[in-house]
Every structure is written in C-alpha cells, then in structure tokens.
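For the sequence shown, my numbering gives the first residue as 4, with consecutive numbering after it.
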Amino acid sequence: MLGANDGIISTAGLVVGVAGATPHREALLVAGVAGTLAGALSMAAGEYVSVSTQRDTERAAIARERRELSDDPEGELEELAEMYRSRGLSDRLSREVARELTEHDALRAHVEVELGLDGYRANPWQAAFASMFSFLLGALIPLAAILFGPEAWRLPVTVVAVLVATGLLGAVSARTGGAPAPRAAIRCVVGGSFAMAVTYLTGTLLGAAAGM
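Right, here's the structure in full:
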C-alpha cells in the first residue's frame with residue numbers, strides 16, 4: 004500500500020503543480036504520464052536494489068555463521084545458550100535447549116536466534132514489480148481526474164479524488180495493521196493536502212514568472 008500512496012501523492016503533486024502553471028490538457032498529459040512512468044520505474048529500481056542488498060547481507064551473515072560453527076562449535080553452543088539465558092531461562096534449561104537445537108540443526112538455530120532471520124528471503128524481482136504495479140495503480144487516480152474531469156472543475160475534482168483515495172488507503176492500511184484508522188486517514192489527507200498546496204503554489208509562481 005505504501006507504493007500506491009506514493010503513486011497517488013507524487014503524481015497528484017506533479018499534475019496539480021503543472022495545472023498551477025498552465026491549464027492546457029496536453030501539458031498535463033505529458034507531465035502526468037512521464038511522471039507516472041518515472042515514479043514507477045524509480046520505485047521498482049529502488050525496491051530491487053534494497054531487497055537485493057538485504058539478501059546479499061543475509062547470505063554473508065549466514066556464511067559467516069556457518070564458518071564459525073565449523074571453527075568453534077563449542078563456543079557457538081555456549082553463545083546460543085547465553086542468548087537463552089539473556090531471555091530469562093535458567094542456566095541448565097538454556098544449555099539443554101541450545102544443545103537440542105544444535106543437534107537438530109545448528110545453523111538454523113543460530114540463524115534464527117542470533118541473526119533474527121526466519122529463513123524467508125524476498126525475491127528482488129517480485130518486490131520490484133509489486134512496487135511498480137502499486138505505484139501505477141495509485142498514480143492512475145490523480146491522472147484520470149486531472150485529464151478527464153470537466154475543464155472548469157478539473158482541479159477541485161483532482162483534489163477531492165486524491166484526498167478521498169489517500170484517506171481510504173491510510174484507513175485500510177491502519178486497520179490491516181491493527182492501528183487506529185481515523186488517525187492514519189487524517190495523517191494521509193494532511194500529507195496529500197500539503198504536497199498539492201506546495202506544488203500548486205510553486206507551479207503558479209513559476210508559470211507567472213515564465214509568462215505561461
């Protein structure tokens with residue numbers, strides 16, 4: 004949902020800013036489509052790099068843990084037991100748990116307890132396409148409103164559509180995570196309003212300065 008929210012607000016800010024400078028539909032179309040594609044590709048590239056880097060870091064940490072288990076198995080066993088002691092288990096129980104987990108799968112025990120990894124690693128390509136797709140879906144809302152709304156009401160229609168969409172998205176995201184929905188919705192609406200106000204003012208000033 005974060006990608007969709009980015010798509011809504013960034014595209015809305017762009018087209019509203021351009022609308023502040025010029026009312027021509029052609030300019031809005033070019034700016035909106037170009038901004039949408041640039042934003043979607045940027046989201047995809049950023050997510051791919053982020054997930055790839057995280058996966059490489061996790062692989063390196065697992066490889067290091069494997070070497071440490073091979074070089075000093077007793078030391079690693081004591082380290083695992085110490086982690087359970089730090090969580091409140093008695094010394095005897097900590098050693099028993101550490102030993103049984105080590106006998107079952109030493110590497111997995113250390114990866115899960117010491118490194119905090121659960122064995123699941125996201126696919127960079129899947130993450131990239133998911134981010135790009137969600138951004139595109141979000142961007143369609145302000146883009147459609149500004150391009151197909153009645154010319155006299157183009158800007159108000161876009162603002163209302165964006166604020167309703169961001170508010171609903173914030174509420175749904177909060178409800179999904181068990182957080183208060185009204186607070187999240189208000190936060191998203193305020194953020195979207197601020198972004199559009201700033202870009203509209205900027206577009207108006209630059210348009211006037213350029214004689215558009």
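A virtual CB, placed ideally from N, CA and C, is assigned to each residue, including glycine.
SER13 classed as buried or exposed, judged by whether at least 16 other C-beta atoms fall within 10 angstroms: Here residue 13 corresponds to residue number 10 of the sequence shown, with the count starting at 1. Per the 10 Å Cβ criterion, buried.
So, GLY141 versus ASP59, is the Cβ gap smaller than 8 Å? Within the sequence shown, numbered from 1, the residue matching residue 141 stands at position 138. Within the sequence shown, numbered from 1, the residue matching residue 59 stands at position 56. Cβ distance not < 8 Å, so GLY141 and ASP59 don't count as in contact.
On the three-state DSSP scale, how would you describe HIS27? As a working note, residue 27 is residue 24 in the sequence shown. Coil.
Nearest neighbour of LEU110, chosen from LEU72, ALA125, VAL21 [CA to CA]: As a working note, residue 110 is residue 107 in the sequence shown. The residue with the shortest Cα to Cα distance from LEU110 is LEU72.
Best match in MET86, GLY180, ALA184, THR169 for proximity to MET199 [C-alpha to C-alpha]: What you label residue 199 is simply residue 196 of the sequence shown in a count that begins at 1. Among MET86, GLY180, ALA184, THR169, the Cα nearest to that of MET199 belongs to THR169.
PHE132 vs ALA47 beta-carbon contact at 8 Å: To locate residue 132, count along the sequence shown from 1; it is residue 129. To locate residue 47, count along the sequence shown from 1; it is residue 44. In this structure, ALA47 lies closer than 8 Å to PHE132 by Cβ.
Is the beta carbon of LEU80 less than 8 Å from the beta carbon of ALA101? In the sequence shown, the residue the question calls residue 80 occupies position 77. In the sequence shown, the residue the question calls residue 101 occupies position 98. Taking 8 Å as the Cβ cut-off, LEU80 and ALA101 qualify as a contacting pair.
Taking the continuous alpha helix (DSSP H) assigned at GLY119, which residues delimit it? As a first step, residue 119 is located in the sequence shown; it is residue number 116 there, counting from the start. Taken as a continuous stretch (DSSP letters only), GLY119 belongs to no alpha helix (DSSP H), as it is neither H nor E.
Here's a check: name, in chain order, each residue in its chain whose Cβ is nearer than 6 Å to the Cβ of ALA211, leaving out the five neighbours to either side. Mapped onto the sequence shown, residue 211 falls at position 208. Cβ within range, chain order: n/a, list empty.
Tell me whether the beta-carbon of GLU68 lies closer than 8 Å to the beta-carbon of ARG124. Numbered from its first residue, the sequence shown carries residue 68 at position 65. Numbered from its first residue, the sequence shown carries residue 124 at position 121. Their beta carbons are not under 8 Å apart, which means GLU68 does not touch ARG124 by this criterion.
Cα separation between SER22 and LEU146? By 1-based counting over the sequence shown, the position of residue 22 is 19. By 1-based counting over the sequence shown, the position of residue 146 is 143. Residue 22 is actually Ala in this sequence, not Ser. In a straight line, the C-alpha of ALA22 is about 12 Å away from that of LEU146.
Looking only at its chain, what residues have a beta carbon closer than 6 Å to the beta carbon of TYR51, apart from the 5 residues adjacent to it on each side? Residue mapping note: residue 51 aligns to position 48 of the sequence shown, counting from 1. Within the same chain, TYR51 has close Cβ partners PRO127, ALA131.
Reference SER196, options GLY16, ILE65, GLY6, closest by Cα: Numbered from 1 along the sequence shown, position 193 holds the residue referred to as residue 196. Taking only the C-alpha atoms, the option nearest SER196 is GLY16.
LEU166 beta carbon less than 8 Å from that of VAL192: In the sequence shown, residue 192 corresponds to position 189, counting from 1. In the sequence shown, residue 166 corresponds to position 163, counting from 1. Yes; because the gap between Cβ atoms is below 8 Å, this pair is in contact.
Which word fits ALA43, buried or exposed, when buried means at least 16 other C-beta atoms lie within 10 angstroms of its C-beta? For the purposes of this step, residue 43 is taken as residue 40 along the sequence shown, with counting starting at 1. It is buried - the Cβ of ALA43 has at least 16 other Cβ atoms within 10 Å.
Contacting residues, own chain, Cβ-Cβ under 6 Å from MET86 (five flanking each side not counted): Position 83 of the sequence shown, counted from the start, is the residue given in the question as residue 86. The residues are VAL116.
Please determine, among ALA7, SER53, ILE11, PRO26, the residue with the shortest C-alpha to C-alpha distance to THR207. Reading the sequence shown from its first residue, position 204 is the one you call residue 207. That would be PRO26, whose Cα lies nearest to the Cα of THR207.
Scan the stretch 87-175 and note each continuous alpha helix (DSSP H) run of 4 residues or more that stays entirely inside, going in chain order. 94-116, 127-151
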